[in-house]
Amino acid sequence: MSQQILPYAILESARQVGFDVETMLQPDTPKFFLNFNRITAVKEVPGLILAGRELENGVMADVIVTRGTKIKRPIHLCFGVVPEDGVQEVVPRFIIEDEAEALILAHCSFPRARNLTHRMEAQVMLGRDALFFYEERHYHGPYSGAHVYPTFEVDVGPGSRFETVFSLTHGTVGDLVIFLDVYAHEGAKVEAVAKVYGRSEKDRVRIRDGVFLEGRDASGVIRLRAAATGGGDVLMMGITEANAPGARGHVDCKEIVQGAHSTARAIPIVRVTDDRARVTHEAAVGRVSQKELDTLMARGLTEQEAVDMIVKGML
Amino acid sequence: MLRLKKVTIVPANSSEVIVNDVSFTVREREIHALVGPNGSGKSSVAYAIMGLSGYHPRQGHIYFRDQDITDLSVTERARLGLTLAWQEPVRFEGITIGEYIKAGIHDGDGQRVQEALALVGLAPDQYATRKADASLSGGERKRVELAAVVAMRPWLMILDEPDSGLDIIVYDELHEMLARIRRETGTAILLITHREETGDMADAATLLWKGQVLKSGNFAEVMQAYCQAIGRRERCRSKYCPMPS
Amino acid sequence: MDIRYRYKGMPRFKILQPWYEHTSWEPWDEERVSWLLVNRNRRLIVQALAYGPLTLDELRERLRISLTPHLADRDGLSYNVSPEVLVNHLQAMEHHGLIHRQGGGYVLNLPVLTLADQEKLRLLSDELGRGLAERLRQAGTKSEWLDPLLEQVTTTALQMLDETGDWETYRRWAEEYDADAYRTWAEARKR
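The listed protein sequences derive, respectively, from chains W, E and B. Just so we're aligned: the first sequence equals residues 427 to 741 in this note's numbering. Just so we're aligned: the second sequence equals residues 9 to 253 in this note's numbering. Just so we're aligned: the third sequence equals residues -19 to 171 in this note's numbering.
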């Protein structure tokens, strides 16, 4: 049954990144699964509208949580491609209407990617006093052959809360470019977190998260965490711009760079056009502290195991 | 268990001899105190025994359980059953206390995490899932560090000034904790300290003075030598002080 | 009349991400587009003003953010940019020369090309390009000189035209949006 819904390789990667696959596959779990360009599972619950149209290379989809609906169970999304190469395009719109609440757990899996491109162009809008948590966990296989380019444009309505976490910490990265713009309106709260681990010289990461505080008392936090080891290259840019009175923002970039030819760059950008707003930033880039390494090696871990443990703790 | 033979240490990026021609032995199940004033080379000896970079002996050898470990890496020494608890333990972002302690357990016995926490007086159900970060107090960090080395069940643990920075109440508990560790695990302990009360529980001691061994023997003999070395003319508070009152 | 604002390389102003060229390896540590235009709401203001001057109230009406589903039969959501934020945006844009006030409204300082203008440009650039290519072939010019040569030619031509009063140098950065050149032009225009 599960093999028909999603290939084993994708389910296995979901398990590896920490998703509860058994729950994902349960018939009454709200879900939308895509295997390359075939929609293989759709399950709505009251107040949740899932619509999809298969495209030549992917899917166009709507995820709508209707006004006042509070969906307690996580909604599972999965977009995967098993073949080694190809192009997948996903164009979703997420609309969380007034006073609605939802949590989405999304898994993007390219377990055998050698020359595979995945593009996502997502638009998100929250109405008033809504809550939306969106967590996306990726797995790109062992060959650094995935080219993954998600872009998100998000509007968070008055009084709403939007939290998003992107993580790619298992396996290789390949070429990853993320572009996230969040516009927070009056009284809205935003938190955007990205965690990426580039392990080889073929891994390149570019993340650009922007939070624009466009309403009175809006607030936003960007947390960027990355590790570049074995020649990986990571650049993270976090932009917070406050354009309204009482707006508060913070950008926090932390990167670990370890090993020859690894590079890590953090660019926190803060801007304020209203003198009643305030934005702060912090950034730290550097290798793992020798004392941390020595402590774990004195417990019997090898240097690589120690680096992995410290990086995973940070991520 | 552990034998240093004519070890001389010149730290990396320095030409100064920090430790000169030091030899002493730690026996099995023994608590051996390494005492001396600040700057006498105690921590350098500890780091050299553990194999930390920058402290490789320029001369001499270090033997552990009859094996010459002078050129082995930190990891290799740890896998032989040797470990170190830092004077100032590291704070790890994002790692729980349970995960930190479990890192030293290589035979899969996860139960030892709970046992180790209980041994050092930390409630396992409260502390195992807490983060090993800046939210811990100084005393808690010291206990977590002790739990981590105890859980490894090493043949020998080096405790670098476990009594530093603690107030008197916590200090008394530390004393009791070390006694309990010795009783229940039988691990040999190389205890680096400059507090007499901690050294009191030692079976043997070595006094380092300006990078050299001044005296080895039982703790009383070593403390007497210490008092004489610093040139006391009057009796100090040490119960071992040989000076006239 | 269909107006499209044209800037470097891209015909549709809405897609203003010239640094987000994920098919190349260009680094991101230079802001090649003015920070003013990184914010989508300010880009919407520029788009709105591209059709002509607007008052504050008219802008407030126009700046409506909405999202409707691709497929589902549902109305979607929308709301306006708040008035005090709009004022902050306009003040920043005015201060940095992107717009100016005229009468009771706001006017865009950037030139806007119609489709007809673009077609004329295309014909002219074809003709000039053919001539230049032939001249370069005859001169046996090195390929690595091409970019600096083109820049020099454009600068010289515009200077010559500017002296005669027949051309406006702001056209230069209309073809290749350059924050520094724009600022210089905007300052000169204010005087």
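All C-beta atoms in this analysis are idealised placements derived from N, C-alpha and C, irrespective of residue type, glycine included.
How would you call residue i, buried or exposed, if buried means at least 16 neighbouring beta carbons within 10 angstroms?
| i | result |
| --- | --- |
| P63/B | exposed |
| D76/E | exposed |
| E184/E | exposed |
| D701/W | exposed |
| N226/E | exposed |
| P453/W | exposed |
| M9/E | buried |
| E10/B | Because the pLDDT of E10/B is 42, which lies under 50, any placement of that residue in the model is unreliable, and the number read from its coordinates should be weighed accordingly. The residue in question, E10/B, is exposed, as its Cβ has fewer than 16 Cβ neighbours within 10 Å. |
| L186/E | buried |
| T3/B | Residue confidence for T3/B is low, a pLDDT of 39 falling below 50, so the modelled location carries little weight; the figure read from the coordinates is stated next. Exposed: under 16 other Cβ atoms inside 10 Å. |
| A670/W | buried |
| W94/E | buried |
| H69/B | buried |
So, is the C-beta of residue i closer than 7 Å to a C-beta in chain W?
| i | result |
| --- | --- |
| T3/B | Low confidence applies here, because T3/B scores a pLDDT of 39, under 50, leaving its location unreliable; read the following figure in that light. Not closer than 7 Å to any Cβ of chain W, the Cβ of T3/B fails to qualify, so no. |
| R(-8)/B | Confidence is the limiting factor: at R(-8)/B the pLDDT is only 29, short of 50, which leaves the residue's position unreliable, though a coordinate-based value still follows. Answer no: the Cβ-Cβ gap between R(-8)/B and chain W never drops below 7 Å. |
| V53/E | no |
| H202/E | no |
| S62/B | yes |
| A159/B | Confidence in A159/B is poor, its pLDDT being 47 and thus under 50, which makes the residue's placement unreliable; the coordinate value appears in the next sentence. Not an interface residue. |
| G118/E | no |
| M165/E | no |
| V65/B | yes |
| N68/B | yes |
| L16/B | no |
Mapping the DSSP letters down to three states, classify residue i as helix, strand or coil.
| i | result |
| --- | --- |
| E708/W | strand |
| N89/B | coil |
| M58/E | helix |
| Q452/W | coil |
| I77/E | coil |
| V491/W | strand |
| R54/B | coil |
| N19/B | coil |
| P45/E | coil |
| L742/W | Any question about residue 742/W goes unanswered here, given that chain W covers just 427 to 741. |
| Y59/B | strand |
| G112/E | coil |
| H676/W | strand |
| V158/E | helix |
| K180/B | In the structure as shown, chain B begins at -19 and stops at 171. Residue 180/B is therefore absent and cannot be evaluated. |
| N28/E | strand |
| F445/W | coil |
| W147/B | Its pLDDT being 45, under 50, W147/B is placed unreliably by the model, and the measurement read from it follows with that caveat. Residue state, collapsed to three classes: coil. |
| G111/B | helix |
| A670/W | coil |
For the ligand FMN, I want to know if residue i counts as a neighbour, meaning its beta carbon is within less than 6 Å of at least one of the ligand's heavy atoms.
| i | result |
| --- | --- |
| V87/B | Only the bare structure without any ligand can be found here, which leaves the ligand FMN out of the picture. |
Can you tell me which residues form a DSSP beta bridge with residue i?
| i | result |
| --- | --- |
| D37/B | D37/B is not bridged to any residue. |
| T91/E | M165/E |
| E515/W | G484/W, R545/W |
| F462/W | According to DSSP, F462/W bridges with nothing at all. |
| E579/W | Q549/W, D607/W |
| D734/W | Answer by DSSP bridge pairing: none, since D734/W is not bridged. |
| C534/W | F505/W, H564/W |
| K717/W | K717/W pairs with nothing; no bridge assigned. |
| H64/E | Note: H64/E sits in no beta bridge, so no partner. |
Taking only beta-carbon atoms, is residue i less than 7 Å away from chain E?
| i | result |
| --- | --- |
| E718/W | yes |
| L722/W | yes |
| M450/W | no |
| T699/W | no |
| R563/W | no |
| G726/W | yes |
| M740/W | yes |
Is there a Cβ from chain B that is less than 7 Å from the Cβ of residue i?
| i | result |
| --- | --- |
| I604/W | no |
| D488/W | yes |
| G675/W | no |
| Q430/W | no |
Is it a yes or a no for the region 108 to 126 of chain E touching the region 45 to 65 of chain E, going by three-plus beta-carbon pairs under 8 Å?
no
Assess, as a yes-or-no matter, whether the region 627 to 641 of chain W is touched by the region 596 to 606 of chain W under the definition of 3 or more beta carbon pairs within less than 8 Å.
yes
Just checking, does the region 526 to 533 of chain W make contact with the region 552 to 560 of chain W on the three C-beta pairs under 8 Å criterion?
yes
Contact between the region 468 to 485 of chain W and the region 45 to 60 of chain B (3+ Cβ pairs under 8 Å)
yes
Give a yes or no on contact between the region 35 to 42 of chain B and the region 685 to 694 of chain W, applying the rule of three or more CB pairs nearer than 8 Å.
no
State whether the region 15 to 29 of chain B contacts the region 488 to 501 of chain W, with contact taken as three or more CB pairs (one from each stretch) at a distance under 8 Å.
no
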